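So the protein lines, in turn, are chains A and B.
My numbering puts the first residue of the first sequence at 1, with every later residue one more than the last.
My numbering puts the first residue of the second sequence at 1, with every later residue one more than the last.
Number of protein chains: 2
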Amino acid sequence: MTILALTGGVGGAKLCLGLARVLAPEEVVFVVNTGDDFEHLGFHISPDVDTLTYTLADAANPVAGWGRQGETWHFMEALEELGGETWFRLGDKDLALHVRRRELLAAGQSLTAATAQIAQGLGVRHRILPMSNDPVRTLVHTADGPLAFQHYFVRDRCAPEVTGFDFHGAASASVNPAIPFDQVTGIVICPSNPFVSVDPVLAVPGMREGVRRSGAPVVAVSPIVGGAAIKGPTAKMMQELGVPATTVEVAKHYAQRADGGAPIVTGFVIDAVDADAEGEVQALGLSTTVAQTVMRSLDDRVDLARVVLDFLGASAAAPGLKA
Amino acid sequence: MTILALTGGVGGAKLCLGLARVLAPEEVVFVVNTGDDFEHLGFHISPDVDTLTYTLADAANPVAGWGRQGETWHFMEALEELGGETWFRLGDKDLALHVRRRELLAAGQSLTAATAQIAQGLGVRHRILPMSNDPVRTLVHTADGPLAFQHYFVRDRCAPEVTGFDFHGAASASVNPAIPFDQVTGIVICPSNPFVSVDPVLAVPGMREGVRRSGAPVVAVSPIVGGAAIKGPTAKMMQELGVPATTVEVAKHYAQRADGGAPIVTGFVIDAVDADAEGEVQALGLSTTVAQTVMRSLDDRVDLARVVLDFLGASAAAPGLKA
Chain A
1 MTILALTGGV GGAKLCLGLA RVLAPEEVVF VVNTGDDFEH LGFHISPDVD TLTYTLADAA
61 NPVAGWGRQG ETWHFMEALE ELGGETWFRL GDKDLALHVR RRELLAAGQS LTAATAQIAQ
121 GLGVRHRILP MSNDPVRTLV HTADGPLAFQ HYFVRDRCAP EVTGFDFHGA ASASVNPAIP
181 FDQVTGIVIC PSNPFVSVDP VLAVPGMREG VRRSGAPVVA VSPIVGGAAI KGPTAKMMQE
241 LGVPATTVEV AKHYAQRADG GAPIVTGFVI DAVDADAEGE VQALGLSTTV AQTVMRSLDD
301 RVDLARVVLD FLGASAAAPG LKA
Chain B
1 MTILALTGGV GGAKLCLGLA RVLAPEEVVF VVNTGDDFEH LGFHISPDVD TLTYTLADAA
61 NPVAGWGRQG ETWHFMEALE ELGGETWFRL GDKDLALHVR RRELLAAGQS LTAATAQIAQ
121 GLGVRHRILP MSNDPVRTLV HTADGPLAFQ HYFVRDRCAP EVTGFDFHGA ASASVNPAIP
181 FDQVTGIVIC PSNPFVSVDP VLAVPGMREG VRRSGAPVVA VSPIVGGAAI KGPTAKMMQE
241 LGVPATTVEV AKHYAQRADG GAPIVTGFVI DAVDADAEGE VQALGLSTTV AQTVMRSLDD
301 RVDLARVVLD FLGASAAAPG LKA
């Protein structure tokens, strides 16, 4: 059995940690969004890959959700004194990861190889795979004009009104060849932002085809609970895009492809507070299960991982899903 | 009046601080050895330039002599965990200087411009000029084979027996065009290592010519006191090169050119403990003065700076020295 988990940042990493506690390293592969990546201060910054790496290493900052536990900021303070850019915060320990990654990439290693070596150094035994070794950059179209993702997300704190998204480079990127689609028995779309975390992953040529080729059931966990996003700008984006910020709309987003392609999601995990939406989601052709999806404790993460794995098992058993 | 001070690392920086306390920013220019520079962890490391910058900014670590005051080491600890090279210590604050310098150099600025902008950020008002904007790399020939300077000096702690030196790139380097030779009225060779701090500076094409063209007196301060070096491997190197570690031998090194070229040093500052060597040094054709050259306090630095400036004034007044 190999489970594929498609994930973005903090919210997705919580479920990934649950999966990593329930599944052995050979039983799960984490496929991470790199649409958030950018070059800054001469470093390759890969926020979602690093959030997952630190989370699986139990080295993540539990309060901020990003960066390292017990981080210090002497570099940033000194950089400010020297007139450097400080809107994107890099801690003293986090810098070591970035210096090391630059060394590995400069030595000709792929982002996948560099990610693996860094994760190993931090004691992570599960596989973390960037969605692609090629650059894909999420561009956020806003009322103020297009913004590189981190400028929208970090520098401007998601304030500009969103009108759409582009994934620069996606067309010419290749799906990470290390993703073992042929062994995959189940696929999880983590409760990450559908527009800027999951869609970039699915936009990489070969990703949807690989998912479909695997014939495995695909279950998505709703990032919207009771009309709000647990974390991040998902709900705000939906409102700005003119759709209600509801779990049903997220299900629609996954069940209906704007580009007319066949949908890949087969099942949808709804939070208990949205249980009454189950019928509407099923009407979209998705099987459903209701669970406690808000992950406050480690137990919450493990419990949701178990629910998702059971749901995948049931989905796999159901007829017609391999079609 | 413009005084030119040729300097290397810690010992030279002490006298430079004294000169900076006595002279206004427009009255002195510090010309710094960059033969110690190297690329490490993707950064341009310039130890002597940084030691002087931090010293003039009152930001230097008073104990180590290199690096920043109140430095922290979280980056290094995390880098070690990730399997990075840690033999060359870069502190969290010091990293900011290196990230900033890389940005400035990558933007096409010269080492001189980058050095000036960083110094300004740290509140330094005096001019710090790298000897050249071109790469010159000191190679230390040892019984164990040739070593890049920092490998000899830091990684191997000066243990290998020295047999000679090369200044790679010197032949094709150009002297820093910002050095105002035509306005120079006096030149100080700081009490730095003659072989690996001062000789690389003098090896840059145009440096000796500029010094000679200025017609200014050139006084060197002995880095050897009572047969020992105040700091660093000078005495050990002399012994390994088969010359006694005495102030007279340093004077000879400056008064006699191995390559047969005309010597540029006109005066030599001897420490009080070596006063009895004055006759021997004068016999080499150098004027002399005796002073307390061991700089423990800031007052010591200022006092020696005054002695050197008085000696330059007297030397300039003396006949024949402009020849």
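Note that beta-carbon positions come from the ideal geometry of N, C-alpha and C, so glycine has one too.
From a predicted model like this one, the values you see are computed outputs, not experimental measurements.
Do A/R102 and A/H44 have their beta-carbon atoms positioned less than 8 Å apart in this structure? For the purposes of this step, residue 44 of chain A is taken as the residue at position 44 of the first sequence. For the purposes of this step, residue 102 of chain A is taken as the residue at position 102 of the first sequence. Yes. Within cutoff.
- Query: Among all the DSSP beta bridges, which residues are the ones paired with A/A189?
  - Reply: Translated into positions along the first sequence, residue 189 of chain A becomes position 189. First, the amino acid is wrong: residue 189 of chain A is Ile here, not Ala. Looking at the DSSP output, A/I189 bridges to A/L6 and A/A220.
Does A/H74 have its Cβ less than 8 Å from a Cβ in chain B?
Taking the first sequence and counting its residues from 1, one reaches residue 74 of chain A at position 74. It does: the Cβ of A/H74 has a partner Cβ on chain B nearer than 8 Å.
Check your understanding: When burial is assigned at 16 or more other CB atoms within 10 Å of the CB, is B/D299 buried or exposed?
Key -> Mapped onto the second sequence, residue 299 of chain B falls at position 299. Of the residues assessed, B/D299 falls on the exposed side of the cut-off, its CB having fewer than 16 other CB atoms within 10 angstroms.
Q) B/S214 lies in the alpha helix (DSSP H); which residues open and close that run? A) For the purposes of this step, residue 214 of chain B is taken as the residue at position 214 of the second sequence. Judged by DSSP secondary structure, B/S214 falls within the alpha helix (DSSP H) whose first and last residues are M207 to S214.
Note to self: Considering only DSSP beta bridges, list what A/L139 is partnered with.
What the structure shows: By one-based count along the first sequence, residue 139 of chain A stands at place 139. In the DSSP assignment, the residues bridged to A/L139 are A/A148 and A/D166.
Practice prompt. Could you pull out every unbroken beta strand (DSSP E) segment of at least 3 residues lying fully inside the region 98-131 of chain B, listed in chain order?
Written response: Fully enclosed beta strand (DSSP E) runs of 3 or longer: 127-130.
What residues from the region 76-109 of chain B come within 7 Å of chain A, judged by C-beta to C-beta, listed N to C? Along the region 76-109 of chain B, the positions whose C-beta sits under 7 Å from a C-beta of chain A are A78, L79, E81, L82, G83, G84, D92, K93, L95, A96, L97, V99, R100, R102, E103 and A106, read in chain order.
Exposed or buried, which one is B/P25 when buried takes at least 16 other CB atoms within 10 Å? Within the second sequence, numbered from 1, the residue matching residue 25 of chain B stands at position 25. B/P25 comes out exposed.
Review point. Mind checking if B/G9 is an interface residue toward chain A, Cβ cutoff 8 Å exclusive?
Key: Counted from its first residue, the second sequence places residue 9 of chain B at position 9. Output row for B/G9: interface = no.
- prompt: Short check: CB of A/E96 to CB of A/T53, under 8 Å?
  reply: Numbered from its first residue, the first sequence carries residue 96 of chain A at position 96. Numbered from its first residue, the first sequence carries residue 53 of chain A at position 53. Note that residue 96 of chain A corresponds to Ala in the displayed sequence, not to Glu. No; because the gap between Cβ atoms is not below 8 Å, this pair is not in contact.
| query | Would DSSP call A/S174 helix, strand or coil? | reply | Along the first sequence, read from residue 1 onward, the residue named residue 174 of chain A stands at position 174. Note: A/S174 maps to coil in three-state DSSP.
- Enumerate in chain order the residues of its own chain whose CB-to-CB distance from B/G320 is below 6 Å, with the five nearest sequence positions on each side excluded. Counting from 1 along the second sequence, the entry for residue 320 of chain B is found at position 320. Confidence in B/G320 is poor, its pLDDT being 44 and thus under 50, which makes the residue's placement too unreliable to answer from.
inquiry  = Can you check which of these residues, B/V281, B/F268 and B/E280, is closest to B/T293 by C-alpha distance?
reply    = Locating residue 293 of chain B in the second sequence gives position 293, counting from the first residue. The option with the nearest alpha carbon to B/T293 is B/F268.
Residue nearest to B/D48 in terms of C-alpha spacing, selected from B/G42, B/G67, B/A113 and B/D58 | As a working note, residue 48 of chain B is residue 48 in the second sequence. Minimum Cα distance to B/D48 is reached at B/G67.
* Going along chain A, which residues have a C-beta under 7 Å from B/L111? -> For the purposes of this step, residue 111 of chain B is taken as residue 111 along the second sequence, with counting starting at 1. One finds nothing in chain A with a Cβ atom closer than 7 Å to the Cβ of B/L111; even the nearest lies about 16 Å away.
Of all the options A/L17, A/L19, A/Q69 and A/L139, which has the alpha carbon lying nearest to the alpha carbon of A/F38?
Translated into positions along the first sequence, residue 38 of chain A becomes position 38. Minimum Cα distance to A/F38 is reached at A/L139.
field: Reduced DSSP secondary structure (H/G/I, E/B, other) of B/T53
entry: Taking the second sequence and counting its residues from 1, one reaches residue 53 of chain B at position 53. DSSP places B/T53 in helix when its eight states are reduced to three.
For B/I264, decide whether its Cβ has a neighbour in chain A, counting only Cβ atoms nearer than 8 Å. One-based indexing of the second sequence puts residue 264 of chain B at position 264. No - not a single Cβ of chain A is within 8 Å of the one on B/I264.
Item checked: Residue environment, A/A159, which counts as buried when at least 16 other CB atoms sit within 10 Å -> As a working note, residue 159 of chain A is residue 159 in the first sequence. Counting Cβ neighbours within 10 Å, A/A159 comes out exposed, since fewer than 16 surround it.
**OP:** Give me the Cα-Cα distance between B/W87 and B/T2, rounded to the nearest whole angstrom.
**Re:** For the purposes of this step, residue 87 of chain B is taken as the residue at position 87 of the second sequence. For the purposes of this step, residue 2 of chain B is taken as the residue at position 2 of the second sequence. Cα-Cα distance, rounded: 39 Å.
Practice item. Ignore the nearest five residues each way along the sequence and tell me which others in B/H168's own chain have a CB closer than 6 Å to its CB. Key: To locate residue 168 of chain B, count along the second sequence from 1; it is residue 168. If we look at B/H168 and ignore the five residues flanking it on each side, its Cβ neighbours are R137 and L139.
Fill in: Complete alpha helix (DSSP H) runs within the region 66-100 of chain A (minimum length 4 residues, chain order)
74-81, all fully within the region 66-100 of chain A.
query: Does DSSP classify A/E39 as helix, strand or coil?
result: Taking the first sequence and counting its residues from 1, the one referred to as residue 39 of chain A is at position 39. In this structure, A/E39 counts as strand in the three-state DSSP scheme.
Does the beta-carbon of A/R100 have 16 or more other beta-carbons within 10 angstroms, so that it is buried, or is it exposed? As a first step, residue 100 of chain A must be located in the first sequence, where it is residue number 100. With 16 or more Cβ atoms within 10 Å of its Cβ, A/R100 is classed as buried.
Contact set between B/G67 and chain A, taken where Cβ atoms lie within less than 7 Å: Walking along the second sequence from the start, residue 67 of chain B turns up at place 67. The premise fails here: B/G67 is roughly 12 Å from chain A at the closest Cβ pair, so nothing lies under 7 Å.
Margin query: Less than 6 Å between C-beta atoms, sequence neighbours within five positions excluded: which residues of the same chain meet that for B/E196?
Written below: Taking the first residue of the second sequence as 1, we reach residue 196 of chain B at position 196. The question names Glu, but residue 196 of chain B in the sequence shown is Val. Within the same chain, B/V196 has close Cβ partners T138.
Exercise for review: Please determine, among B/R301, B/L147, B/V308 and B/T247, the residue with the shortest C-alpha to C-alpha distance to B/G279.
Suggested key: Start at 1 with the first residue of the second sequence, and residue 279 of chain B comes out as number 279. With distances taken between Cα atoms, B/G279 lies closest to B/T247.
* is_contact[B/L41, chain A] using C-beta, thresh 8 Å -> Locating residue 41 of chain B in the second sequence gives position 41, counting from the first residue. B/L41 counts as touching chain A.
**Contact belief for A/G12 with A/G232 at Cβ below 8 Å, rounded distance in angstroms** = Position 12 of the first sequence holds residue 12 of chain A. Position 232 of the first sequence holds residue 232 of chain A. Incorrect: roughly 10 Å between the Cβ atoms, too far for contact.
*Contacts that A/I118 makes with chain E (C-beta to C-beta distance below 8 Å)*: Given the protein chain composition of this structure (A and B), no chain E is represented.
Original post:
If you draw a straight line from the C-alpha of A/D271 to the C-alpha of A/M295, how long is it?
Top reply: The count along the first sequence starts at 1 and reaches residue 271 of chain A at position 271. The count along the first sequence starts at 1 and reaches residue 295 of chain A at position 295. Here the alpha carbons of A/M295 and A/D271 stand approximately 11 Å from one another.
Check: Excluding sequence positions up to five away, which residues of its chain have a Cβ less than 7 Å from the Cβ of B/R306?
Finding: As a working mapping, residue 306 of chain B is identified with position 306 in the second sequence. So the qualifying residues of the chain are V22.
Q. Applying the criterion that 16 or more other CB atoms from any shown protein chain within 10 Å of the CB defines a buried residue, is B/A323 buried or exposed?
A. The residue given as residue 323 of chain B occupies position 323 in the second sequence. Residue placement at B/A323 is poorly supported in this model, since its pLDDT is 36, which falls under 50; the coordinates are not used for a value here.
Flag B/G121 as yes if its beta-carbon sits less than 8 Å from any beta-carbon of chain A, otherwise no. Your numbering for residue 121 of chain B matches position 121 in the second sequence. Chain A, which has a Cβ nearer than 8 Å to the Cβ of B/G121, makes this yes.
Please report the straight-line C-alpha distance between B/V211 and A/A114, rounded to a whole angstrom. Counting from one through the second sequence, the residue named residue 211 of chain B turns up at place 211. Counting from one through the first sequence, the residue named residue 114 of chain A turns up at place 114. In a straight line, the C-alpha of B/V211 is about 50 Å away from that of A/A114.
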